[in-house]
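S.K.: First, the structure itself, so that you have it in front of you.
Residue numbers (our numbering), protein chains in the order written: chain L, 1 to 375; chain X, 376 to 750; chain C, 751 to 1125; chain G, 1126 to 1500.
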């Protein structure tokens, strides 16, 4: 194959027009893609386009997907290194191609080395502006929002990177259908009060106010993950919380013992199988506090707490918390929406919602959000 | 056409085997079909079967549908009179045919003359036992559960009998899918606290404890509609309440003035569009009281309050009431389930849920109830 | 129920505007509804509408269905007698209601008494014009086009009237989707050359040129069923033939012996299971001759021979015949279209295509006809 | 990332168990993947698996997709070079993983350098036998069978590698549903008699008898592409031909002039738009000859000629040819099956069938083939 000698390399700093998806800060260079659904989008002419990357991880290798003109084109594993990936070749040079390069893997709290940095592009074309979509949506969640199980066979039970996605994800389906840009903030196994295993550190609210509080380690710190996130720069029209599933699991799991402090944590059930009322209140208070935190940073956003894709167990507790939050705060712009439970027909890998479950949930959310956004 | 001279007339009293659908009492003769979904079912041999009826109404003529071997066969208007209807002809005489004759029209609180009485059958075959289904489900609701809009064109806006049904009704779909017998108790326009028009008399709880408290007038009284209903004779495995839609409407409608007492009733909104908290509490108290009433008569039934097919406005108020009821009573066997809102794609006649909306709601309910019933 | 004293009776002769569906002649009074899909349609104001009928049959009672404003409303058996049926009541008087009264049962070659005559209407409103649809389609077929099996349970095996329909029929679905008026000409068990049982009289071509050559007997003769049909008065844009299924059966059935002449007829198979070439040629010649007959009466219509809803056995023979007809005639306006075979998933009563099979076939036909009609 | 030091390299010669998909010869090393749908499948334990490749092309870079345990996992472009690709990492070592590495791009007659060679694997596990599927199916076709348009946006019109696939391909869907191994033999733009542009060399029959007659050039010749293919080593239960679409186009395209000989070729239409009978006969003869060629090499296979996914224009000509072939040969094991035309709803990139069209065609074929294979 003869090399395309017309290719020119552009550091991202030199690229006049590109659009960043996912939480970010101005002028990050190289550009980190922190979350699943984080990515970079360009409109470009030319016959060929490459993206220049720097990638690392310890255990959980990141995956990415690409779209050309809005259509899914590729999905692959990224292994550590500095290299370039060809995004298209041999296309009609004069036509403007819309290209998205998107992260599949969630921010990885358990792999401090994990990162994707976009350094630049190579092309024989030139870049054109990428417009914003009509609305802005933020999705906050757990493994469901991390798309776990949207890839992989039903019998697959490993907890590994390749089963997570933004490419087959209800949050992205909703955003595409409503012409909305989206931010995803999610971590598999985490909850509002504790993780699925009663680990009280695995709670989303403790990380929500930082740029990417879900990533850690020296390298990521240098990227700024722990800096306060500037909510006012990207005002979400609606914020969709999809949490509670792991908090429900915690009631059925053994106590968690902190390896450092030796302290234990456990959400208890009564002998008759009902929830221990004190622990339920503790969960509800976490919901109330998180709603207050979200509202503080997003004064005008519609907030809808969604629940149900992996069971309805905490429906009453969540709604009780929302009601109490509403009475305390007078906040009338908060709502509860149940999403259809995952069934044998709609399940994916690792007993998580499959793509059919995501499609079904997306439909309910699209119908719910449409009139609210258009109001 | 030559008359089938082998036909023999059987008063219902002489029919050894038949099954009554819908609330009833032992040995009613003639047999009144009070509700939509009320009906009579037989297993019969022979080539031909007729049913002998006595029908009346002032304004709202009853409709019925029939099924042969479980398949929808006919649907028609019944006008006043004493007459017989042929349910099948020319069939293989030796085969056992399962035949259902079912009422489409809800119990009609606004037409005291309205009734269907089954007096007997004519056949050249003989009757065989009809078995019970595996489970028993009771559905309590408003126009949605009365199937309003499941027949008729989207542009139809008359409030008339022919648009209501049990033949295209989520309650029946759920019951068929789960192998369950069903009771329907519903009235279009009614709520838990008041009707859509703020009429405080149009509340379901005030009628729930009577055999068919939704029907009135001298004739119906003689049939026993106001007698206490014997809940213990037909123990529902689950009770599905689908109320709140008209209570939500009341907040947007003018005050109701009682034509007799001159007293007015009105559920108010605040100037900012939010619900008046006192009136919301009044609604919630009605929900709490109704749950207590249902539980009193059905100590072992799973109770699920469903809501959403015509809007989610009172989701938080209903869940608040359920939570409060649960805390007061310690009743752990009560739940909340949101049903998908009706959309432009799924709407039927008179701006009510169409058959597609009923099918979609049924799917969610089937998935919800299956593990509970099988537990 | 108080009688509506504003009702006025109109003989059909007095009704200024009504539309007849199905083959008919000008000014027939009373109006016979010969075929499934035959019917009468009115646009009418008023609160109430009745239709006045005269009905008879020996064995196979006719069924009808009605639609209000395009939506299916009722379906019922008609027994012999002169009587009136209420089509709607209590509707907003000023609104114009579109009402269709349609025959479900095919023209009944085996019941000379069978007929439905429309004598007039009763209403408190007045009649308005009913417009023609954009296109005209004629469907010629067998039990598939008679809708056999579109009602009834999968296990039902009787050959009786109530399982046939025009209300769940691919021909009507196609016509509705394409904004087309339609004529149906079909008879269960019949073929191009012979019936399913090798009866050579059960061939559609021998009856096609008469008004309703499928009905017989003294009464029907007086109605004019044997008069030549005036094709030029209703010029079909496309003619859809769906025949061959019973001709295929004949190869697998014993010989037919004419009870009068004693002559036998049999389509034979070779010992190896292939078709006897002479008998196949005899079938193909019948196809060729029928195409020529259809073309003679419909010089400008697109003719498409469809096949496959109950098996693909004669695909090659039918296409061979069409090719030979085309070469002989130079007729370029004839085509072959395969329709999807009925499967376990789509089957209806009596091992015939169910409503899902009709829907699927309709989709293929709609897609096929749309560009041809719009050309 | 720490390197997995337990990885061992295996030349393909050393791999005891692996399964080759697509036409191949015994013991090819390195293993060329000639066609879309060609690939290599292993059952392997261990935590990690890599594949060692040698890839080249001039213009049309090959794409591949992978599946883990039967579920689609990745899809990516392969650029020239010798390198390894990681197929999975971090999986439970003891579990047996089924892995497929499959070519997306058709054999590329227009790029002599294009090839993918599999040299071996690296893993920390061991290989286990891969069983054959129950049936064997061969699909012969054009761009439809090359999956052109199954990836890419509807507005994409480039003729490039990335829009073709075996991963979203009716042939693979059919094979998966019927538990069948499959061979694909297809080339975009080619026909039975000539290509879409009247190029008489672009005919599939001229290449069918060679191992991979669609690939050329020195390198591919050394791989053995022009060697006679040994049909008797992989006996197809059914052979599905999907050709004629480009032959139909040729009638509407200008004449082709051979750049070497200067000879022209043109399938003509008559002034009235009908096909020139001589040219149609020439096409039909090519169909007849190809059927004879297929039969010669596959004496026991069921042969079904399918047609229609991009228009029905040559339906009658194809069936005429099949009929004539059948009469000449007495071959009763050949059939014709129409596949549903692609519509605005089902179209993909480059005006070719999209994934919905492939799914729909697959359904018809699955239903057709199932009883034949099971007979």
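Cβ atoms here follow ideal geometry from the backbone N, Cα and C, with glycine treated the same way.
Please determine, among L/24, L/194 and L/125, the residue with the shortest C-alpha to C-alpha distance to residue 231 of chain L.
M.R.: Sequence index remark: in the first chain, residue 231 of chain L carries index 231 (1-based). Closest by alpha carbon: L/24.
S.K.: Whose C-beta lies closer than 6 Å to the C-beta of residue 1405 of chain G among residues of the same chain, with five residues either side of it excluded?
M.R.: Locating residue 1405 of chain G in the fourth chain gives position 280, where the first residue counts as 1. 1442.
S.K.: For residue 12 of chain L and residue 20 of chain L, I'd like the C-alpha separation in whole angstroms.
M.R.: As a first step, residue 12 of chain L must be located in the first chain, where it is residue number 12. As a first step, residue 20 of chain L must be located in the first chain, where it is residue number 20. If you take the alpha carbons of residue 12 of chain L and residue 20 of chain L, they lie about 11 Å apart.
S.K.: Run down chain C in chain order and give the residues with a C-beta less than 8 Å from the C-beta of residue 455 of chain X.
M.R.: Numbered from 1 along the second chain, position 80 holds the residue referred to as residue 455 of chain X. Chain C residues near residue 455 of chain X: 751.
S.K.: In chain order, what residues of the same chain lie with their CB nearer than 6 Å to the CB of residue 723 of chain X, ignoring the 5 residues before and after it?
M.R.: The count along the second chain starts at 1 and reaches residue 723 of chain X at position 348. Correct list, in chain order: 524, 525 and 729.
S.K.: Thinking just about the alpha-carbon of each residue, which of L/352, L/188 and L/55 is nearest to the one in residue 32 of chain L?
M.R.: Along the first chain, read from residue 1 onward, the residue named residue 32 of chain L stands at position 32. When each option's Cα is compared against that of residue 32 of chain L, the closest is L/55.
S.K.: What is the C-beta distance between residue 191 of chain L and residue 201 of chain L, in whole angstroms, given that I count them as a contact (C-beta under 8 Å)?
M.R.: Mapped onto the first chain, residue 191 of chain L falls at position 191. Mapped onto the first chain, residue 201 of chain L falls at position 201. Going by Cβ atoms, the distance from residue 191 of chain L to residue 201 of chain L rounds to 11 Å, so no, they are not a contact pair.
S.K.: Are the CB atoms of residue 1461 of chain G and residue 895 of chain C within a distance shorter than 7 Å?
M.R.: Mapped onto the third chain, residue 895 of chain C falls at position 145. Mapped onto the fourth chain, residue 1461 of chain G falls at position 336. Contact flag unset, no.
S.K.: Can you find a CB in chain L that lies within less than 7 Å of the CB of residue 704 of chain X?
M.R.: As a working note, residue 704 of chain X is residue 329 in the second chain. No, because no Cβ of chain L sits closer than 7 Å to the Cβ of residue 704 of chain X.
S.K.: Measuring only the C-alpha atoms, how far is residue 1153 of chain G from residue 1349 of chain G?
M.R.: The count along the fourth chain starts at 1 and reaches residue 1153 of chain G at position 28. The count along the fourth chain starts at 1 and reaches residue 1349 of chain G at position 224. Distance between the alpha carbons of residue 1153 of chain G and residue 1349 of chain G: 10 Å.
S.K.: Mind checking the region 445 to 470 of chain X against chain C and listing, in chain order, the residues whose C-beta falls within less than 9 Å of any C-beta there?
M.R.: Result list: 445, 446, 447, 448, 449, 450, 451, 452, 454, 455, 460, 461, 462, 463, 464, 465, 466, 467 and 470.
S.K.: Beta-carbon within less than 7 Å of residue 893 of chain C's beta-carbon, same chain only, minus the 5 sequence neighbours each way: which residues are those?
M.R.: Within the third chain, numbered from 1, the residue matching residue 893 of chain C stands at position 143. Here the set comprises 938, 939 and 1102.
S.K.: Does residue 906 of chain C have its Cβ less than 7 Å from a Cβ in chain X?
M.R.: Mapped onto the third chain, residue 906 of chain C falls at position 156. So yes, residue 906 of chain C belongs to the interface.
S.K.: According to DSSP, simplified to helix, strand and coil, what is residue 1035 of chain C?
M.R.: Counting from 1 along the third chain, the entry for residue 1035 of chain C is found at position 285. If DSSP states are grouped into helix, strand and coil, residue 1035 of chain C belongs with the helices.
S.K.: Give me whichever residues DSSP pairs with residue 946 of chain C in a beta bridge.
M.R.: Numbered from 1 along the third chain, position 196 holds the residue referred to as residue 946 of chain C. Its beta-bridge partners do not exist; DSSP assigns none.
S.K.: At a Cβ threshold of 7 Å, is residue 152 of chain L touching chain G?
M.R.: Your numbering for residue 152 of chain L matches position 152 in the first chain. With 7 Å as the cut-off, residue 152 of chain L counts as an interface residue toward chain G.
S.K.: With a cut-off of 7 Å, does the C-beta of residue 487 of chain X fall near any C-beta of chain C?
M.R.: Here residue 487 of chain X refers to the residue found at position 112 when the second chain is read from its first residue. It does not: the Cβ of residue 487 of chain X has no partner Cβ on chain C nearer than 7 Å.
S.K.: Please name the residue or residues paired with residue 1057 of chain C in a DSSP beta bridge.
M.R.: Looking up residue 1057 of chain C in the third chain gives position 307. According to DSSP, residue 1057 of chain C bridges with C/1088.
S.K.: Thinking just about the alpha-carbon of each residue, which of G/1409, G/1463, G/1297 and G/1470 is nearest to the one in residue 1449 of chain G?
M.R.: Start at 1 with the first residue of the fourth chain, and residue 1449 of chain G comes out as number 324. Among G/1409, G/1463, G/1297 and G/1470, the Cα nearest to that of residue 1449 of chain G belongs to G/1409.
S.K.: Helix, strand or coil: which one does DSSP assign to residue 1170 of chain G?
M.R.: Here residue 1170 of chain G is taken as the residue at index 45 of the fourth chain, counted from 1. Coil at residue 1170 of chain G, not helix or strand.
S.K.: Output yes if chain X places a C-beta closer than 7 Å to the C-beta of residue 808 of chain C; else output no.
M.R.: One-based indexing of the third chain puts residue 808 of chain C at position 58. Yes, its Cβ sits closer than 7 Å to a Cβ of chain X.
S.K.: Examine chain L for any beta-carbon lying closer than 7 Å to the beta-carbon of residue 1285 of chain G, and answer yes or no.
M.R.: Residue numbering aside, residue 1285 of chain G sits at position 160 when the fourth chain is read from its first letter. Chain L, which has a Cβ nearer than 7 Å to the Cβ of residue 1285 of chain G, makes this yes.
S.K.: Within 10 angstroms of the Cβ of residue 1347 of chain G, are there 16 or more other Cβ atoms? Answer buried if so, exposed if not.
M.R.: Here residue 1347 of chain G refers to the residue found at position 222 when the fourth chain is read from its first residue. So residue 1347 of chain G ends up on the exposed side.
S.K.: Using 7 Å as the threshold, is the C-beta distance between residue 125 of chain L and residue 46 of chain L below it?
M.R.: The count along the first chain starts at 1 and reaches residue 125 of chain L at position 125. The count along the first chain starts at 1 and reaches residue 46 of chain L at position 46. Yes, these two residues count as a Cβ contact at 7 Å.
S.K.: Within a Cβ cutoff of 8 Å, which residues of the same chain sit near residue 1100 of chain C, ignoring the five residues on either side of it in sequence?
M.R.: Residue numbering aside, residue 1100 of chain C sits at position 350 when the third chain is read from its first letter. If we look at residue 1100 of chain C and ignore the five residues flanking it on each side, its Cβ neighbours are 898, 899, 902, 906, 907, 908, 909 and 913.
S.K.: Within the 7 Å Cβ cut-off, does residue 1489 of chain G reach chain C?
M.R.: Numbered from 1 along the fourth chain, position 364 holds the residue referred to as residue 1489 of chain G. Closer than 7 Å to some Cβ of chain C, the Cβ of residue 1489 of chain G qualifies, so yes.
S.K.: Tell me the rounded alpha-carbon separation between residue 1493 of chain G and residue 1411 of chain G.
M.R.: Mapped onto the fourth chain, residue 1493 of chain G falls at position 368. Mapped onto the fourth chain, residue 1411 of chain G falls at position 286. Approximately 25 Å, taken between the alpha carbons.
S.K.: Does any C-beta atom of chain G lie closer than 7 Å to the C-beta of residue 1030 of chain C?
M.R.: Here residue 1030 of chain C is taken as the residue at index 280 of the third chain, counted from 1. For residue 1030 of chain C, the answer is no, since every Cβ of chain G falls outside 7 Å of its Cβ.
S.K.: Under 7 Å Cβ-Cβ, which residues of chain G neighbour residue 1072 of chain C?
M.R.: Taking the third chain and counting its residues from 1, one reaches residue 1072 of chain C at position 322. Under the 7 Å cutoff, chain G gives 1441.
S.K.: Is the distance from the Cβ of residue 1438 of chain G to the Cβ of residue 1361 of chain G below 7 Å?
M.R.: To locate residue 1438 of chain G, count along the fourth chain from 1; it is residue 313. To locate residue 1361 of chain G, count along the fourth chain from 1; it is residue 236. For residue 1438 of chain G and residue 1361 of chain G, no; Cβs fall outside 7 Å.
S.K.: How would you write the range of the beta strand (DSSP E) that residue 1193 of chain G sits in, first residue to last?
M.R.: In the fourth chain, counting from the first residue as 1, residue 1193 of chain G sits at position 68. Per DSSP, residue 1193 of chain G belongs to the beta strand (DSSP E) from 1188 to 1193.
S.K.: Kindly list, in the order they appear in chain L, the residues whose Cβ is closer than 8 Å to that of residue 1193 of chain G.
M.R.: The residue given as residue 1193 of chain G occupies position 68 in the fourth chain. In chain order: 152, 153, 156 and 162.
S.K.: Assuming residue 1233 of chain G and residue 1185 of chain G form a contact by the criterion Cβ under 8 Å, report the distance between their Cβ atoms to the nearest whole angstrom.
M.R.: Position 108 of the fourth chain, counted from the start, is the residue given in the question as residue 1233 of chain G. Position 60 of the fourth chain, counted from the start, is the residue given in the question as residue 1185 of chain G. The Cβ separation is near 5 Å, so the contact holds.
S.K.: Nearest-angstrom Cα distance between residue 1162 of chain G and residue 104 of chain L?
M.R.: On the fourth chain, residue 1162 of chain G is found 37 positions in, with the first residue counted as 1. On the first chain, residue 104 of chain L is found 104 positions in, with the first residue counted as 1. Each residue's alpha carbon lies about 26 Å from the other.
S.K.: The region 1461 to 1482 of chain G: which residues have C-beta closer than 8 Å to a C-beta of chain C, in chain order?
M.R.: From the region 1461 to 1482 of chain G, only 1461, 1462, 1463, 1465, 1466 and 1468 have a Cβ closer than 8 Å to chain C.
S.K.: Report yes if the C-beta distance between residue 1367 of chain G and residue 1467 of chain G is below 7 Å; otherwise report no.
M.R.: Here residue 1367 of chain G refers to the residue found at position 242 when the fourth chain is read from its first residue. Here residue 1467 of chain G refers to the residue found at position 342 when the fourth chain is read from its first residue. Cβ atoms of residue 1367 of chain G and residue 1467 of chain G: not closer than 7 Å.
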